[in-house]
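Number of protein chains: 2
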Amino acid sequence: MSTSNEENNDQPIQGRIRKENELRILKAAEKVFADNGFRGSTTAAIAEEAGLPKANIHYYFGTKAELYRTVVDDIVKLWLSSFREITMEDDPASTLADYIRAKMELSKNRPEASRVFANELIRGAPRIKPYLSGELKEWVERKSKILDTWIEQGKMAPVDSTRLIFHIWAMTQTWADFGVQWSAILGEDDGLTEENFDTATDAIISTVLRNCGLMPLPPRKTDRSIMSSD
Amino acid sequence: MSTSNEENNDQPIQGRIRKENELRILKAAEKVFADNGFRGSTTAAIAEEAGLPKANIHYYFGTKAELYRTVVDDIVKLWLSSFREITMEDDPASTLADYIRAKMELSKNRPEASRVFANELIRGAPRIKPYLSGELKEWVERKSKILDTWIEQGKMAPVDSTRLIFHIWAMTQTWADFGVQWSAILGEDDGLTEENFDTATDAIISTVLRNCGLMPLPPRKTDRSIMSSD
DNA sequence: TGATAAATTGACCAATTGGTCAGGATTAAT
DNA sequence: ATTAATCCTGACCAATTGGTCAATTTATCA
Numbered sequence: 032m033s034t035s036n037e038e039n040n041d042q043p044i045q046g047r048i049r050k051e052n053e054l055r056i057l058k059a060a061e062k063v064f065a066d067n068g069f070r071g072s073t074t075a076a077i078a079e080e081a082g083l084p085k086a087n088i089h090y091y092f093g094t095k096a097e098l099y100r101t102v103v104d105d106i107v108k109l110w111l112s113s114f115r116e117i118t119m120e121d122d123p124a125s126t127l128a129d130y131i132r133a134k135m136e137l138s139k140n141r142p143e144a145s146r147v148f149a150n151e152l153i154r155g156a157p158r159i160k161p162y163l164s165g166e167l168k169e170w171v172e173r174k175s176k177i178l179d180t181w182i183e184q185g186k187m188a189p190v191d192s193t194r195l196i197f198h199i200w201a202m203t204q205t206w207a208d209f210g211v212q213w214s215a216i217l218g219e220d221d222g223l224t225e226e227n228f229d230t231a232t233d234a235i236i237s238t239v240l241r242n243c244g245l246m247p248l249p250p251r252k253t254d255r256s257i258m259s260s261d
Numbered sequence: 032m033s034t035s036n037e038e039n040n041d042q043p044i045q046g047r048i049r050k051e052n053e054l055r056i057l058k059a060a061e062k063v064f065a066d067n068g069f070r071g072s073t074t075a076a077i078a079e080e081a082g083l084p085k086a087n088i089h090y091y092f093g094t095k096a097e098l099y100r101t102v103v104d105d106i107v108k109l110w111l112s113s114f115r116e117i118t119m120e121d122d123p124a125s126t127l128a129d130y131i132r133a134k135m136e137l138s139k140n141r142p143e144a145s146r147v148f149a150n151e152l153i154r155g156a157p158r159i160k161p162y163l164s165g166e167l168k169e170w171v172e173r174k175s176k177i178l179d180t181w182i183e184q185g186k187m188a189p190v191d192s193t194r195l196i197f198h199i200w201a202m203t204q205t206w207a208d209f210g211v212q213w214s215a216i217l218g219e220d221d222g223l224t225e226e227n228f229d230t231a232t233d234a235i236i237s238t239v240l241r242n243c244g245l246m247p248l249p250p251r252k253t254d255r256s257i258m259s260s261d
């Protein structure tokens, strides 16, 4: 019915300006939504951040709710695509370490995306609950099944695989969502540094791998007094 | 100057109704702020939640900003008071386990408080930054120093004590802040259960204690095939 | 070049918002 | 009972908000 844009599959070149502006608006919207949540964000603020008049935002995205949906959907896509597929044949230690590193890269490079998502969750996820109990639930079940197989094969110690995944998310995403808290406590007045992220990544990897019996404990200090007397 | 309430230290009985209503409003405000953040919350919504006319809220708290400040300050007080003091002489394993249990109790019983705090942090903590780089920073430094002493004494394995604290917070608070996500994935349609919290608590304690060399690893499965061959 | 579609935007509107206030109702103290 | 303080609240207001629209400009293409 709506003939606003003919189904011209061959040449999507026509919408060059549109693509550009949509991207610009989406980027601005992600930042504003991250800082203020859905209800707290105004289309005027998004327009200013994008350097466009407000009417322009509505021309491209209709309503604020539609714009928000698009932003959130993009983030969900990013989330899912960043999850490398793993198989039973993989090595547990390196697989888990790689995954933690990948998640920390996201926290470092796309903190706004993480914060938009966090905002949504804190408010009870009114707009993405289907995704949580659908795609995401299945993803977790698939992964935890593989972890359980590794445990069954004796490749790692028996742990609660589902909680392991949850807590990896908690530890990695906290560096994006609550970054201000950690930088304030660490005395980093200009925000978290590359080094902060590296140190945190190592700490998380050690925590997880030791929990799974995949990394030896460093010896305690003053073991000297017990092991070799004189 | 303002004679609205004489400094009558002896008998604060006079403000009985005031105390009651303030408490009622604060409770409602905590819930609404948790669900919508500061900018997203309306005084009308708080009034309805409290079962009072809107003008009443302003009668007791002046502006929305003042009310919010009061809510946040109360939560900060709760946070700090829940931190049991620990000393070098304490036992690392039981102290850490107790602390994790205490934080999980807070996540279970006061999730709204945690979510108000999380909202504030996600937005860059505009109203509580002094608290973060002041009281909270000092608290963390004090605690991590004790952990370092334990390490020096050989009572636990050498770990990054500051990140250990950060990650304990991340793992425990995620069960309040992002509870909807975990319940959706776990298939708990009516929200997290008491049992969910118990299981999570055990998982976190195991993770932390193993990381610190304070809890032995359970043996891997199929070790049978190595140890006793028939 | 002319014509059609797409993009732009200032001006505007109805609804919602935080906050005020005057006047009445309760409560507490004498 | 009188009085003063406190409590209560409907009605109101100025500012902000999401969204519309008509008029104009710019891009596209035969």
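The listed protein sequences derive, respectively, from chains A and B.
Under this note's numbering, think of the first position of the first sequence as 32, with each following residue one higher.
Under this note's numbering, think of the first position of the second sequence as 32, with each following residue one higher.
Virtual Cβ for every residue (Gly too), placed ideally from N, Cα, C.
- Along the segment 205-216 of chain A, the positions whose C-beta sits under 7 angstroms from a C-beta of chain B are Thr205, Asp208, Phe209, Val211, Gln212, Trp213, Ala215 and Ile216, read in chain order.
- For B:Ile153, the neighbours in chain A by C-beta distance under 7 angstroms run, in chain order, Arg146, Ala149, Asn150 and Asp208.
- Note that the C-beta distance between B:Ile88 and B:Ala78 is below 8 angstroms.
- For B:Phe92, the enclosing alpha helix (DSSP H) begins and ends at Lys85 to Phe92.
- Here the segment 206-220 of chain A makes contact with the segment 146-160 of chain B; the two share three or more CB pairs at distances below 8 angstroms.
- With 16 or more other CB atoms across the displayed protein chains lying within 10 angstroms of its CB, A:Ser192 is buried.
- Here the alpha carbons of B:Ser164 and B:Ala144 stand approximately 20 angstroms from one another.
- Not one beta carbon of chain A lies nearer than 8 angstroms to the beta carbon of B:Ser192.
- Under the Cβ criterion of 8 angstroms, B:Met119 is not counted among the residues facing chain A.
- Shown here for A:Ile106: same chain residues with a beta carbon closer than 7 angstroms to its own, the five before and five after excluded, namely Ala144, Val147 and Phe148 in chain order.
- Counting only Cβ-Cβ distances below 8 angstroms, B:Asn87 has no contacts in chain A at all, with the closest Cβ about 23 angstroms away.
- The beta carbon of B:Val171 sits closer than 8 angstroms to some beta carbon of chain A.
- Sequence-distant Cβ neighbours of A:Arg100 in its own chain, meaning closer than 8 angstroms and more than five residues away, are Arg158.
- Excluding residues up to 5 positions away in sequence, Ala188, Pro189, Val190 and Ser192 lie with their Cβ nearer than 8 angstroms to the Cβ of B:Ile182 in the same chain.
- Closest in alpha carbon position to B:Leu178, among B:Ala124, B:Pro250 and B:Val102, is B:Ala124.
- Under the three-state reduction of DSSP output, A:Arg132 falls in the helix class.
- Counting only runs of 4+ residues, the alpha helix (DSSP H) found wholly inside the segment 171-226 of chain A occupies 192-208 and 210-217, in chain order.
- Taking the C-beta atoms as reference points, A:Leu240 is found no nearer than 8 angstroms to B:Gly244.
- Scanning the segment 111-159 of chain B for uninterrupted alpha helix (DSSP H) segments of 4 residues or longer gives 123-140 and 142-153, listed from N- to C-terminal end.
- Neighbours of A:Ala133 in chain B, taken as residues whose beta carbon is under 9 angstroms from its own, are absent, since the nearest beta carbon is some 17 angstroms off.
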